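Novice: If you scroll down you'll find the structure; I have some questions about it.
In my numbering, the protein residues as written are 22 to 398.
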């Protein structure tokens with residue numbers, strides 16, 4: 022797996038490190054990026070949510086955000102991102118610079134060859150802009166995971182993750198050794214096209230990222246010299262230990278010569294502090310329902326304000342929102358700056374969960390303004 026993640030075409034040579042590391046703009050301490058869960062609010066449709074995703078991708082590209090990822094979830098009415106590759110293809114048609122990727126694809130849910138084909142196709146659509154972030158969780162409940170995988174042996178997928186990752190990497194690089202049963206199988210689009218008569222291959226190959234919310238993927242990413250993305254937005258207590266483990270485990274590779282870690286951060290800015298609190302309360306109620314087996318559409322702030330939270334639910338909401346950076350633009354900037362200093366993250370990937378798409382769009386605008394990110398011409 023320790024190979025240069027790019028191939029020369031016409032004298033050009035691109036390494037994965039060039040496509041992994043971002044550039045901070047304005048006063049931001051590190052590059053800022055976007056994690057989009059394609060949230061669907063009550064009274065809205067999936068079409069509405071996807072139109073917001075297009076608007077967000079265009080806006081954040083214009084404002085200098087580095088990458089835009091979507092995450093695989095299943096059987097959740099309020100999250101319309103069950104098919105990351107399809108959504109990314111749609112976003113590629115509306116953007117031209119921002120990196121697009123999965124945050125992530127849940128590899129145990131899929132055959133590695135299928136993922137290599139999907140992301141090879143995306144790379145052909147948006148050369149040099151595609152990231153392949155991989156997770157080992159199901160992205161759903163156990164019954165849905167069993168339906169996806171056509172098996173009830175759910176632990177098998179997670180336990181086999183390193184082998185699945187190795188297989189996927191072989192398909193992406195088209196380098197199964199002689200004698201391997203897959204030696205004559207090729208992921209297309211992919212490197213095999215360069216070895217065909219008259220073939221020319223792109224110098225780019227989607228960089229592989231490992232995602233995690235605990236130490237397993239942190240250690241594996243470090244051992245393999247891969248970039249790592251940690252889900253701080255729902256596992257904040259594990260962030261610093263996981264990043265420390267990643268850095269301690271890191272072995273330089275032909276992918277990266279030094280660790281590179283981003284963290285996903287729940288962040289929502291509004292024009293005033295009270296409105297920000299209303300919006301995050303609604304998102305927290307959505308999480309209460311999800312965690313208690315009642316997933317649904319993201320409720321309105323009015324519904325959340327009228328909801329009679331039990332003491333246990335109130336405790337959960339307070340704990341959950343303590344890790345959501347929210348408030349005015351200046352308050353969010355201060356919170357993000359502090360988080361980056363505490364964790365040493367190389368990149369902050371912001372996810373704004375709210376009932377309305379307009380609220381999410383406004384949040385990214387306000388954060389961009391607070392940091393003095395580039396403005397559209």
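Glycine included, every Cβ here is placed at the ideal spot set by N, Cα and C. Because the structure is a prediction, the values reported are computed rather than measured.
Suppose you measure from the CA of residue 128 to the CA of residue 356; what does that come to, to the nearest Å?
Specialist: 33 Å
Novice: Could you check which residue in 93, 354, 141 and 142 has the C-alpha nearest to that of residue 126?
Specialist: The residue among 93, 354, 141 and 142 with its C-alpha nearest the C-alpha of residue 126 is 93.
Novice: Can you give me the Cβ contacts of residue 243 inside the same chain, cut-off strictly under 6 Å, excluding the 5 residues immediately before and after it?
Specialist: 267, 270 and 271
Novice: Do you know whose CA, among 380, 358, 294 and 328, lies nearest residue 284's CA?
Specialist: 358
Novice: For residue 368 and chain B, any beta-carbon pair shorter than 8 Å?
Specialist: The structure shown contains no chain B; it holds only a single protein chain.
Novice: Buried or exposed: residue 221, going by 16 or more other Cβ atoms within 10 Å of its Cβ?
Specialist: exposed
Novice: State the DSSP-derived secondary structure class of residue 385, mapped to helix, strand or coil.
Specialist: helix
Novice: Could you name the residues that DSSP lists as bridge partners for residue 90?
Specialist: 56 and 122
Novice: Thinking C-alpha only, which one of 226, 274, 153 and 90 is nearest residue 74?
Specialist: Of the listed residues, the one whose Cα sits closest to residue 74 is 90.
Novice: Helix, strand or coil, according to DSSP, for residue 151 in the structure here?
Specialist: strand
Novice: Is it the case that the stretch 65-81 contacts the stretch 250-259, given that we only count it when at least three CB pairs across the two stretches are under 8 Å?
Specialist: no
Novice: In its own chain, which residues sit with a C-beta less than 7 Å from the C-beta of residue 395, not counting the 5 before and 5 after it?
Specialist: 46, 84 and 85
Novice: Check whether the Cβ of residue 81 lies closer than 7 Å to any heavy atom of the ligand MN, and answer yes or no.
Specialist: This structure lacks the ligand MN, and indeed carries no ligand of any kind.
Novice: Which runs of the alpha helix (DSSP H) fall wholly inside the stretch 226-293 and span at least 4 residues, in chain order?
Specialist: 236-245 and 260-270
Novice: Please state if the CB of residue 264 and the CB of residue 365 are separated by a distance shorter than 8 Å.
Specialist: yes
Novice: Got a sec, what are the start and stop residues for the alpha helix (DSSP H) residue 142 sits in?
Specialist: 133-146
Novice: Can you round the beta-carbon distance between residue 354 and residue 385 to whole angstroms, since I take them to be within the 8 Å contact cut?
Specialist: Not quite, the Cβ-Cβ distance comes to about 13 Å (not below 8 Å), so this is no contact.
Novice: Under DSSP, the beta strand (DSSP E) around residue 319 begins and ends at which residues?
Specialist: Neither: residue 319 is in no beta strand (DSSP E) and is coded neither H nor E.
Novice: Residues in the same chain with beta-carbon distance under 7 Å from residue 320, minus the five sequence neighbours each way, listed in chain order, please.
Specialist: 63, 303, 306, 307 and 376
Novice: By the 10 Å Cβ neighbour count, where 16 or more other Cβ atoms means buried, how is residue 246 classified, buried or exposed?
Specialist: buried
Novice: By Cβ distance, which residues of its chain are closer than 6 Å to residue 387, with the 5 residues on each side in sequence left out?
Specialist: Result list for residue 387: 290 and 350, in chain order.
Novice: Applying the criterion that 16 or more other CB atoms from any shown protein chain within 10 Å of the CB defines a buried residue, is residue 218 buried or exposed?
Specialist: exposed
Novice: Using DSSP with H/G/I as helix, E/B as strand and the rest coil, what is residue 396?
Specialist: coil
Novice: Can you tell me the Cα-Cα spacing of residue 112 and residue 363, whole angstroms?
Specialist: 33 Å
Novice: Can you name the residues that DSSP bridges to residue 100?
Specialist: 60
Novice: Below 8 Å CB to CB, which residues in the same chain sit around residue 143 once its five sequence neighbours on both sides are set aside?
Specialist: Apart from the 5 residues on each side of it in sequence, residue 143 sits with its Cβ closer than 8 Å to the Cβ of 106, 109, 110, 113, 121, 151 and 227 in its chain, given in chain order.
Novice: How is residue 51 classed by DSSP in three states: helix, strand or coil?
Specialist: Coil.
Novice: Tell whether a beta-carbon distance below 8 Å holds between residue 155 and residue 232.
Specialist: yes
Novice: Spell out the partners DSSP gives residue 368 in its beta bridges.
Specialist: 283
Novice: Would you mind sorting residue 177 into buried or exposed? The rule is 16 or more other CB atoms within 10 Å of its CB.
Specialist: Residue placement at residue 177 is flagged as unreliable, the pLDDT there being 49, under the threshold of 50; the coordinate-derived value follows with that caveat. By the 10 Å Cβ count, residue 177 comes out exposed.
Novice: How about residue 250 and residue 43: are their beta carbons less than 8 Å apart?
Specialist: no
Novice: Would you check if the distance between the CB atom of residue 82 and the CB atom of residue 41 is smaller than 8 Å?
Specialist: no
Novice: Helix, strand or coil for residue 156 per DSSP?
Specialist: strand
Novice: Identify, in the order they occur along the chain, each residue of the same chain with its Cβ nearer than 6 Å to the Cβ of residue 370, setting aside the five sequence neighbours on each side.
Specialist: 54, 56, 283 and 285
Novice: I'd like to know whether the C-beta atoms of residue 322 and residue 300 end up nearer to each other than 8 Å.
Specialist: yes
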